[in-house]
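Here's the structure we're looking at; comments come further down.
Numbering (the numbering used here), first residue to last: 1 to 352.
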């Protein structure tokens, strides 16, 4: 049993600066010891006690590092994770796992052969609203679900010069926000029977998809997932409808904005001031009245992910996000692209 897990971070771009470095440093039992970057001055200005390696391979070969974290452009995930696993390191990859399902399966086989842990950073399992919905569904107060809507809308009319908005493998909003929404849906309901996807490039000058609508078929109910970049008016983050009532939640989990503002992650820091509205039928029959009340939102907790990684490495606890969970999302991402190209529902039977 090792008391401290030494971490190496690949790159120091937005995801590393905003999410991974602060969360790793705030997690008991973890120590961020090195970052690979071509801009050592930038890293050392922010992380003066952290060493800098100019090459990823050098980071992977360090004998003092136990875990490599990979928050790099999507099309580099496979090659870097392969190098880290081959060097005998445990690995965390930012979402999406890889850009193809076949790449993800190869990494799983490599991790198994090396007896190393491999996980994907699906942090939005610990969003405030998602945790609240999990608890609500466990209670069963909505009755039998008939329709679930999950949206992730923004107003960003200008196309920015960054890899996510270029026509590269793994670029576009489907591979950016799709993994979050797909993983949340599967966590709640399991793998759907079929998927229907519509992608769009709506903004002036858009080179890749910046809008999507995905429908997931669960036979007895439907899940609608969508994201857009030209939505100025606030839309519900979640809407759930069942035979006994509905739940509607506006507003995003606050943790990303707090990380962007430089706040230090701490217990209960994910408290969300936006509470949802729960509307339930009181009594039986068509004339039974509806009662509406505010449902307090549970606090989000991104620290729980890395705390889970520490427990998995140190105590052999289950991973907070398993490789199979990540492969499930990859299967849905690929099936969605097939659906968009063929303009039809795609069955997920034998897809994963």
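Note that beta-carbon positions come from the ideal geometry of N, C-alpha and C, so glycine has one too.
Enclosing beta strand (DSSP E) for residue i [first to last residue]
{"i": "residue 291", "result": "290-295"}
{"i": "residue 241", "result": "236-242"}
{"i": "residue 348", "result": "Here residue 348 belongs to no beta strand (DSSP E), and DSSP marks it neither H nor E."}
{"i": "residue 212", "result": "211-217"}
{"i": "residue 52", "result": "51-53"}
Nearest-angstrom Cα separation, counted from residue j out to residue i
{"i": "residue 4", "j": "residue 280", "result": "48 angstroms"}
{"i": "residue 217", "j": "residue 224", "result": "9 angstroms"}
{"i": "residue 36", "j": "residue 77", "result": "14 angstroms"}
{"i": "residue 319", "j": "residue 302", "result": "15 angstroms"}
{"i": "residue 315", "j": "residue 29", "result": "12 angstroms"}
{"i": "residue 234", "j": "residue 92", "result": "33 angstroms"}
{"i": "residue 349", "j": "residue 102", "result": "17 angstroms"}
{"i": "residue 244", "j": "residue 139", "result": "12 angstroms"}
{"i": "residue 242", "j": "residue 343", "result": "29 angstroms"}
{"i": "residue 215", "j": "residue 54", "result": "44 angstroms"}
{"i": "residue 159", "j": "residue 292", "result": "41 angstroms"}
{"i": "residue 193", "j": "residue 172", "result": "25 angstroms"}
{"i": "residue 67", "j": "residue 183", "result": "23 angstroms"}
{"i": "residue 81", "j": "residue 155", "result": "33 angstroms"}
{"i": "residue 71", "j": "residue 251", "result": "26 angstroms"}
{"i": "residue 50", "j": "residue 309", "result": "21 angstroms"}
{"i": "residue 198", "j": "residue 48", "result": "46 angstroms"}
{"i": "residue 44", "j": "residue 260", "result": "19 angstroms"}
{"i": "residue 59", "j": "residue 122", "result": "24 angstroms"}
Pair within 8 angstroms by beta-carbon distance, residue i and residue j
{"i": "residue 149", "j": "residue 258", "result": "no"}
{"i": "residue 116", "j": "residue 88", "result": "yes"}
{"i": "residue 166", "j": "residue 208", "result": "yes"}
{"i": "residue 111", "j": "residue 323", "result": "yes"}
{"i": "residue 188", "j": "residue 134", "result": "yes"}
{"i": "residue 276", "j": "residue 295", "result": "yes"}
{"i": "residue 164", "j": "residue 153", "result": "no"}
{"i": "residue 120", "j": "residue 95", "result": "yes"}
{"i": "residue 21", "j": "residue 266", "result": "no"}
{"i": "residue 270", "j": "residue 299", "result": "yes"}
{"i": "residue 99", "j": "residue 64", "result": "no"}
{"i": "residue 332", "j": "residue 105", "result": "no"}
{"i": "residue 9", "j": "residue 16", "result": "yes"}
{"i": "residue 341", "j": "residue 226", "result": "no"}
{"i": "residue 345", "j": "residue 196", "result": "yes"}
{"i": "residue 272", "j": "residue 297", "result": "yes"}
{"i": "residue 169", "j": "residue 31", "result": "no"}
{"i": "residue 221", "j": "residue 136", "result": "no"}
{"i": "residue 56", "j": "residue 83", "result": "yes"}
{"i": "residue 204", "j": "residue 229", "result": "no"}
Alpha helix (DSSP H) segment containing residue i, residue limits
{"i": "residue 185", "result": "178-189"}
{"i": "residue 23", "result": "21-26"}
{"i": "residue 45", "result": "40-46"}
{"i": "residue 139", "result": "128-139"}
{"i": "residue 230", "result": "Looking at the DSSP string, residue 230 is not in any alpha helix (DSSP H), and its letter there is neither H nor E."}
{"i": "residue 36", "result": "That residue, residue 36, is in no alpha helix (DSSP H); its beta strand (DSSP E) goes 30-36."}
{"i": "residue 353", "result": "Nothing can be reported for residue 353, as the shown portion of the chain is limited to 1 through 352."}
Integer-rounded CB distance, given that residue j should sit under 8 angstroms from residue i
{"i": "residue 128", "j": "residue 253", "result": "5 angstroms"}
{"i": "residue 247", "j": "residue 142", "result": "6 angstroms"}
{"i": "residue 305", "j": "residue 174", "result": "The pair is not a contact, with the Cβ atoms about 23 angstroms apart (cut-off 8 angstroms)."}
{"i": "residue 186", "j": "residue 38", "result": "Between residue 38 and residue 186 the Cβ distance is about 37 angstroms, and since that is not below 8 angstroms, they are no contact."}
- Query: Of all the alpha helix (DSSP H) runs that stay within the bounds of the stretch 93-118, which reach a length of 4 or more residues?
  - Reply: Runs found: 101-114.
- alpha helix (DSSP H) segments (min. 4 residues) lying fully within the stretch 246-311: The alpha helix (DSSP H) runs of length 4 or more contained entirely in the stretch 246-311 are, from start to end of the chain, 255-260.
- Counting only runs of 4+ residues fully inside the stretch 141-174, write out the alpha helix (DSSP H) ranges in chain order. The stretch 141-174 contains no whole alpha helix (DSSP H) run of 4 or more residues.
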